[in-house]
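**Q** Residue numbers (our numbering): 104 to 173. Using N, Cα and C, we set each Cβ at its ideal position, and we do this for glycine too.
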């Protein structure tokens, strides 16, 4: 399963969706293929991206699901 981020009940599965929820593409921390906005979130370092965004979040167990807590 690819990485997913849940923010305010909305599930983000691509860099484009995550950037839209965060409010800026510049907050994304790329691991690979910088600029590929419609690929899965596996190209994004999600923990670093969420930390750069100053958001509180948890990772659901060992899964690739990250949930932002507001």
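Going by CA-CA distance only, name the one from 130, 163 and 111 that's closest to residue 118.
**A** Looking up residue 118 in the chain shown gives position 15. With distances taken between Cα atoms, residue 118 lies closest to 130.
**Q** Starting from residue 155, trace the beta strand (DSSP E) both ways and give me its first and last residue.
**A** Here residue 155 is taken as the residue at index 52 of the chain shown, counted from 1. Where residue 155 is concerned, there is no enclosing beta strand (DSSP E), although the alpha helix (DSSP H) around it starts and stops at 149-155.
**Q** Identify, in the order they occur along the chain, each residue of the same chain with its Cβ nearer than 6 angstroms to the Cβ of residue 162, setting aside the five sequence neighbours on each side.
**A** Stepping through the chain shown from its first residue, residue 162 is reached at position 59. Excluding sequence positions up to five before and after residue 162, its CB lies within less than 6 angstroms of the CB of 169, all in the same chain and listed in chain order.
**Q** Skipping 5 residues on each side, what residues in its chain have a beta carbon closer than 6 angstroms to that of residue 109?
**A** In the chain shown, residue 109 corresponds to position 6, counting from 1. Only 170 meet the Cβ criterion.
**Q** Nearest-angstrom Cα distance between residue 164 and residue 106?
**A** For the purposes of this step, residue 164 is identified with residue 61 of the chain shown, where counting begins at 1. For the purposes of this step, residue 106 is identified with residue 3 of the chain shown, where counting begins at 1. Cα to Cα, residue 164 sits roughly 13 angstroms from residue 106.
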